[in-house]
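What follows is a single structure, written as structure tokens, with notes after it.
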Amino acid sequence: MAVVTTMNAVFSCFDALLDKFEVYKVETVGQIYMAASGAPERTSLHAQNISDLALEMLKAIKKVKTPGITEVTLKIGIHSGSAVAGVVGMKVPRYCFFGDTVNTASRMQSISEPGRINITYNTMKLLPEEKYKTESRGIVKVKGKGNMQTYWLLENGYPKAAKVDLQKTS
0 MAVVTTMNAV FSCFDALLDK FEVYKVETVG QIYMAASGAP ERTSLHAQNI SDLALEMLKA
60 IKKVKTPGIT EVTLKIGIHS GSAVAGVVGM KVPRYCFFGD TVNTASRMQS ISEPGRINIT
120 YNTMKLLPEE KYKTESRGIV KVKGKGNMQT YWLLENGYPK AAKVDLQKTS
């Protein structure tokens, strides 16, 4: 029950952020939260919108408190590209996304690391350099995709502060 309570708190927190960034929640499957920008309403700022949401999610998760769970970490993956979307089903109709873009975003999430945002070259090229800081991961082997150049989207748009040991000198 602690897991369900935690997931509810986390997903509710994320749901509250969506409108701020013009992002649409596609679905949740287990512990995966899938969102998209640029659909159902097209926008040229889709990569920025989803990146801003991802950065905000990393900040927001630190404030989520749930009984019995000490820490919740996120692994976030982002890819930009075309997808097909539509309502599927009659009994429980759902607005679903299909295509290689969805699969690639899923792969980016699975090869990410806790507390980090892994993005593809496609997404990185759509982010203005003056607003977003990225760090190359180099070539990474991605299941079903082969080798891909991927990047870290850095928290708050800037590299995390390094721990510096200052010594007094005379």
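For the sequence shown, numbering that gives the first Met the number 0 assigns the number 0 to the initial residue and increments by one for each residue that follows. Note that the Cβ used here is the ideal one computed from N, Cα and C, for glycine as well. In this text, all values refer to a predicted model and were calculated from it rather than measured experimentally.
Check, Outcome
"Measuring straight from C-alpha to C-alpha, what distance separates Lys140 and Met147?", "6 Å"
"Between the segment 75-83 and the segment 102-115, do three or more beta carbon pairs fall short of 8 Å?", "yes"
"So, does the segment 58-68 touch the segment 79-86, judging by three or more C-beta pairs under 8 Å?", "no"
"If Leu17 and Ala34 are in contact, beta carbons under 8 Å, what's the gap, nearest whole angstrom?", "7 Å"
"Cα-Cα, which of Ile68, Pro39, Asn48 and Glu112 is closest to Val9?", "Ile68"
"How close, in whole Å, do the beta carbons of Arg115 and Trp151 come, if the pair is a contact with beta carbons under 8 Å?", "6 Å"
"Determine the closest residue to Arg41 out of Thr27, Ile31, Gly29 and Glu21, with distance taken between C-alpha atoms.", "Glu21"
"Exposed or buried, what is Glu11 when buried is set at 16 or more other beta-carbons lying within 10 Å of its beta-carbon?", "It should be noted that the sequence gives Ser, not Glu, for residue 11. Looking at its Cβ environment, which holds fewer than 16 other Cβ atoms inside 10 Å, Ser11 is exposed."
"Between which two residues does the beta strand (DSSP E) carrying Val9 extend?", "No beta strand (DSSP E) holds Val9; the alpha helix (DSSP H) holding it covers Ala1 to Leu16."
"Between which two residues does the beta strand (DSSP E) harbouring Arg93 extend?", "Arg93 to Phe97"
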